[in-house]
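Peer 1: Residues are numbered in this note's numbering as their position in the sequence shown, beginning at 1, plus a constant of 1209.
All C-beta atoms in this analysis are idealised placements derived from N, C-alpha and C, irrespective of residue type, glycine included.
The structure displayed is predicted, hence computed values, not measured ones.
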Amino acid sequence: MILMVFIIIFLQLALCTWYMACQKTGFFADDLYSYGYANSPGCISPLETGEKLYTIRWIPGKALHEYLTVSSDERFTYGRIVETLERDAHPPLFYFILHSICSMTPDKFSVWSAFIINALGLTLLQMYLYRLCLFIGNNRFIALLILIFFGFSSATINMMVLLRMYILATGFTVAFSYYALKYLYDIYSDKIIDENLLLSFVFLYLSSMTVYLSVLFAFLLTLIICIMLLIRKKIKRMFCFGFCMLFSIGVMCLSFPVVFTQLLGDKVAIKGADLFPYMLQIRTSIYVISNGLFGINTPIYPTMIPFYTVTSLIGLGILYAIIHFVFRNDTWFMDFIKKLRTSVVFLFQKSLKYIRPLLPFVIISITFVLLFSKELKIYYYKELAMRYYYIITPFIAMIILLLLLKLIRPTFARFGIIAILTVTSLIFGSKCYLQQQLESAKIEPITRGCDVIVIETDPPTFMYHIMDLMGCKSFLFATTTDVFDGNVDDSLLEKAKESDNILLMVDQTAANENSMTSKTYKYDGTEAITSKAENDVVNHFQSIPGFEHTEHVGTYYGSYIYRLK
């Protein structure tokens, strides 16, 4: 069976590698942030100047290459990573590993550097998910089926092609959960195995050093386990486990002291969740998880489903009352009703038996959905918000499938359900981190060797253009607000007028052909609201002496490109 586990993991890695090599087009902004945080000279974005979010200036195109790669004299310099993370809200372990891999091939950018870490994370995750399902369900075949489904789901493919720390952190979290539950149930059976406590400590430390979401997960699981130990009057073991997990977090804080300013400050907050109704946020969270795991599109907006459900139940109740009245004296009917009641009660009792060990993960999953729907802009990001829920997706899959497969006995039926759900997930599940910049391959040759003026909504969206501008001679970044506030002045445009080949790249979300209102940032980093049309941006540059005959080069996904003459 262990051989089967490794064969399945190998096939899943092969599928994810194929998606990465043949299906991923362009980069999500966070993909490039990973390399920037790991390899840049102490800055979050290539646009930064000191503490400023960005400075409107001409930047050499080679600065983008330096942002993403490790130079020969910067290999294995981990202090810069800490300096960068001091200004953001991420623990350093993933970036330490990525920097180490990139240091082995200096001055070269490769997507496979981060993908290697994801592959290790998936292997760890699947190994411990199998052990956790086997420990809870006590059935090797069911554990293997859950492993097959989760590894081939769209959620896993998304985790693998997103070059970020989430899948590694999820692997550490599943391992932590496995050893924490083993510690709990070994105490229930009067077995005291301290290695489970030690390994819980180690994997909690590793997960908390990879992503801070795991701290919330660990807190909830530790609290639930301590309550269960208290109910069983295992007071000594309760304090032992609780203080050990607290000590693990303490060691993490001591080894990365910046955590205090990150978590207690405002950098970790993602503002704007209050712009959307809370129930809309919750429905979107359910949609994101169900679509990512099972390919099922649950409704985001209010529907008539509750009304239809209640009406159907009332109708069935009335129909049952009529049938019961008509056949109340028939022996065959009363025997059928007794058997039906017995089967329903048995099924309910069986469900309670199986759901009891899964209850901690049910509570944690519900808490994550309710909390994130309150604090994060889930509706704004939609499928892209799946990354916030990656840490609980294996547990949600385990909860649903373990209950479903335990209640169904025939082997062929179990295998059929997993086959259907896997195919549904692969076909209908959103793979939102595959297609980001469909026309990047067409934009990059146009910008090669040119001076480029980039007009965007805000600095973070510039990250989508890094690969498009890697070969440019130099570039200048400004927001739409900067253009119309006069921050792109004559002194900056003198360089453009002297250039033999100057391009204007206007992001279609910054200024669309139809007038739109969008949030932008002023030169000093403060927010501003602007309402301009795409033609207004172009007309503004055409009104500048020297740029009267602007030529439209093309309209590509994400950008309108003009050649300034």
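Of all the alpha helix (DSSP H) runs that stay within the bounds of the stretch 1229-1261, which reach a length of 4 or more residues?
Peer 2: List check, alpha helix (DSSP H) in window: 1238-1248.
Peer 1: State the Cα-Cα distance for the pair N1696 and I1664, rounded to the nearest angstrom.
Peer 2: What you label residue 1696 is simply residue 487 of the sequence shown in a count that begins at 1. What you label residue 1664 is simply residue 455 of the sequence shown in a count that begins at 1. Between N1696 and I1664, the C-alpha separation is close to 12 Å.
Peer 1: Since F1412 is in the alpha helix (DSSP H), which residue starts that stretch and which ends it?
Peer 2: Sequence index remark: in the sequence shown, residue 1412 carries index 203 (1-based). 1403-1417 is the span of the alpha helix (DSSP H), which, as asked, contains F1412.
Peer 1: Could you tell me which residues DSSP pairs with R1772 in its beta bridges?
Peer 2: For the purposes of this step, residue 1772 is identified with residue 563 of the sequence shown, where counting begins at 1. L1712, E1760, per the DSSP bridge assignment.
Peer 1: For D1539, does the count of other Cβ atoms within 10 angstroms reach 16, so buried, or fall short, so exposed?
Peer 2: Within the sequence shown, the letter at position 330 stands for residue 1539. By the neighbour-count rule (16 or more Cβ atoms within 10 Å), D1539 is not buried but exposed.
Peer 1: For a test of the three-state rule: what should DSSP assign to D1539, helix, strand or coil?
Peer 2: By one-based count along the sequence shown, residue 1539 stands at place 330. DSSP places D1539 in coil when its eight states are reduced to three.
Peer 1: Could you give the C-beta distance for S1386 and L1353, rounded to a whole number, given that I count them as a contact under 8 Å?
Peer 2: Residue numbering aside, residue 1386 sits at position 177 when the sequence shown is read from its first letter. Residue numbering aside, residue 1353 sits at position 144 when the sequence shown is read from its first letter. Between L1353 and S1386 the Cβ distance is about 19 Å, and since that is not below 8 Å, they are no contact.
Peer 1: In its own chain, which residues sit with a C-beta less than 8 Å from the C-beta of T1633, not counting the 5 before and 5 after it?
Peer 2: Here residue 1633 corresponds to residue number 424 of the sequence shown, with the count starting at 1. Here the set comprises F1503, G1504, I1505.
Peer 1: Since S1423 contacts T1382 with CB under 8 Å, what's their CB separation in whole angstroms?
Peer 2: Here the question's residue 1423 lines up with position 214 in the sequence shown. Here the question's residue 1382 lines up with position 173 in the sequence shown. Right, their Cβ atoms sit about 5 Å apart.
Peer 1: Quick one: is A1478 buried, meaning 16 or more other Cβ sit within 10 Å of its Cβ, or exposed?
Peer 2: Counting from one through the sequence shown, the residue named residue 1478 turns up at place 269. At A1478 the pLDDT is 49, less than 50, meaning the model places this residue with poor confidence; the figure from the coordinates comes in the next sentence. Result: exposed.
Peer 1: Let me know the secondary structure DSSP gives S1683 once reduced to three states.
Peer 2: Indexing the sequence shown from 1 puts residue 1683 at position 474. It is a strand residue.
Peer 1: If you follow the alpha helix (DSSP H) that I1753 is part of, which residue opens it and which one closes it?
Peer 2: Here residue 1753 is taken as the residue at index 544 of the sequence shown, counted from 1. No alpha helix (DSSP H) contains I1753, which DSSP labels as neither H nor E.
Peer 1: Pick helix, strand or coil for I1546, following the three-state DSSP scheme.
Peer 2: The count along the sequence shown starts at 1 and reaches residue 1546 at position 337. Of the three classes helix, strand and coil, the one that applies to I1546 here is helix, per DSSP.
Peer 1: If you compare alpha carbons, which of L1579, S1560, G1346 is closest to I1491?
Peer 2: Counting from one through the sequence shown, the residue named residue 1491 turns up at place 282. Checked all of L1579, S1560, G1346; the closest Cα to I1491 is L1579.
Peer 1: List the endpoints of the continuous alpha helix (DSSP H) containing P1269.
Peer 2: Residue 1269 sits at position 60 when you count from the first residue of the sequence shown. Per DSSP, P1269 belongs to no alpha helix (DSSP H); it is in the beta strand (DSSP E), 1267-1269.
Peer 1: Find the nearest neighbour of F1485 within the set M1513, K1583, K1317, judged by alpha-carbon distance.
Peer 2: The sequence position of residue 1485 within the sequence shown is 276, counting from 1. The shortest C-alpha separation from F1485 is found at K1583.
Peer 1: For E1292, which residues does DSSP report across the bridge?
Peer 2: Taking the first residue of the sequence shown as 1, we reach residue 1292 at position 83. Its beta-bridge partners do not exist; DSSP assigns none.
Peer 1: Just list the residues that DSSP pairs Y1765 with in beta bridges.
Peer 2: Here residue 1765 refers to the residue found at position 556 of the sequence shown. Looking at the DSSP assignment, Y1765 forms a beta bridge with S1768.
Peer 1: Which same chain residues, not among the five before or five after F1536, have their C-beta less than 6 Å away from its C-beta?
Peer 2: The residue labelled residue 1536 in the question sits at position 327 within the sequence shown. Cβ within range, chain order: F1542.
Peer 1: Check whether the Cβ atoms of L1415 and L1302 sit closer than 8 Å, and answer yes or no.
Peer 2: What you label residue 1415 is simply residue 206 of the sequence shown in a count that begins at 1. What you label residue 1302 is simply residue 93 of the sequence shown in a count that begins at 1. Result yes, Cβ atoms of L1415 and L1302 sit closer than 8 Å.
Peer 1: Classify T1365 as helix, strand or coil using the three-state DSSP reduction.
Peer 2: Residue 1365 sits at position 156 when you count from the first residue of the sequence shown. Helix at T1365.
Peer 1: Does S1727 come out as helix, strand or coil in the three-state DSSP assignment?
Peer 2: Translated into positions along the sequence shown, residue 1727 becomes position 518. Low per-residue confidence applies at S1727: pLDDT is 43, beneath 50, and the placement is therefore not dependable enough to give any value.
Peer 1: Cα-Cα, which of S1752, V1497, V1661, L1773 is closest to K1640?
Peer 2: In the sequence shown, the residue the question calls residue 1640 occupies position 431. Of the candidates S1752, V1497, V1661, L1773, the one whose C-alpha sits nearest the C-alpha of K1640 is V1497.
Peer 1: Going by DSSP, what residue range makes up the beta strand (DSSP E) through I1857?
Peer 2: Because the chain in this structure spans residues 1210 to 1774, residue 1857 falls outside the shown range and cannot be described.
Peer 1: Look at the alpha carbon of I1527 and the alpha carbon of R1623, and state the distance between them as a whole number of angstroms.
Peer 2: As a working note, residue 1527 is residue 318 in the sequence shown. As a working note, residue 1623 is residue 414 in the sequence shown. Rounded to whole angstroms, I1527 to R1623 spans 35 Å at the Cα level.
Peer 1: Taking I1165 as part of the alpha helix (DSSP H), name the residues at either end of that continuous run.
Peer 2: With the chain running from 1210 to 1774 in the structure shown, residue 1165 is simply not present.
Peer 1: In whole angstroms, give me the CA-to-CA distance for F1456 and T1602.
Peer 2: In the sequence shown, residue 1456 corresponds to position 247, counting from 1. In the sequence shown, residue 1602 corresponds to position 393, counting from 1. Roughly 27 Å separates the two Cα atoms.
Peer 1: Would you mind sorting Y1388 into buried or exposed? The rule is 16 or more other CB atoms within 10 Å of its CB.
Peer 2: Position 179 of the sequence shown, counted from the first residue, corresponds to residue 1388. When all chains shown are included, Y1388 counts as buried.
Peer 1: Quick one: using the 10 Å Cβ neighbour count with 16 as the cut-off for buried, is T1620 buried or exposed?
Peer 2: Translated into the one-based positions of the sequence shown, residue 1620 becomes position 411. Under this definition T1620 is an exposed residue.
Peer 1: Does T1688 come out as helix, strand or coil in the three-state DSSP assignment?
Peer 2: Along the sequence shown, read from residue 1 onward, the residue named residue 1688 stands at position 479. Residue state, collapsed to three classes: strand.
Peer 1: Exposed or buried, what is V1519 when buried is set at 16 or more other beta-carbons lying within 10 Å of its beta-carbon?
Peer 2: Position 310 of the sequence shown, counted from the start, is the residue given in the question as residue 1519. Result: exposed.
Peer 1: So, E1653 versus G1680, is the Cβ gap smaller than 8 Å?
Peer 2: Taking the first residue of the sequence shown as position 1, residue 1653 is located at position 444. Taking the first residue of the sequence shown as position 1, residue 1680 is located at position 471. The answer is yes: Cβ separation under 8 Å.
Peer 1: Short of 6 Å in beta carbon distance, which residues of its chain neighbour F1285, apart from the five on each side in sequence? Order them along the chain.
Peer 2: Locating residue 1285 in the sequence shown gives position 76, counting from the first residue. So the qualifying residues of the chain are S1312.
Peer 1: My parser needs the alpha helix (DSSP H) runs of 4 or more residues fully inside the stretch 1588-1641; what are they?
Peer 2: Correct list: 1595-1598, 1602-1616, 1620-1637.
Peer 1: Between which residues of its own chain and N1405 is the CB-CB distance below 6 Å, once the five residues before and five after are set aside?
Peer 2: Taking the sequence shown and counting its residues from 1, one reaches residue 1405 at position 196. For N1405, where only same-chain residues beyond five positions count, the Cβ hits under 6 Å are Y1388, K1391, Y1392.
Peer 1: Which residues share a DSSP beta bridge with Q1644?
Peer 2: What you label residue 1644 is simply residue 435 of the sequence shown in a count that begins at 1. Q1644 is bridged to T1234.
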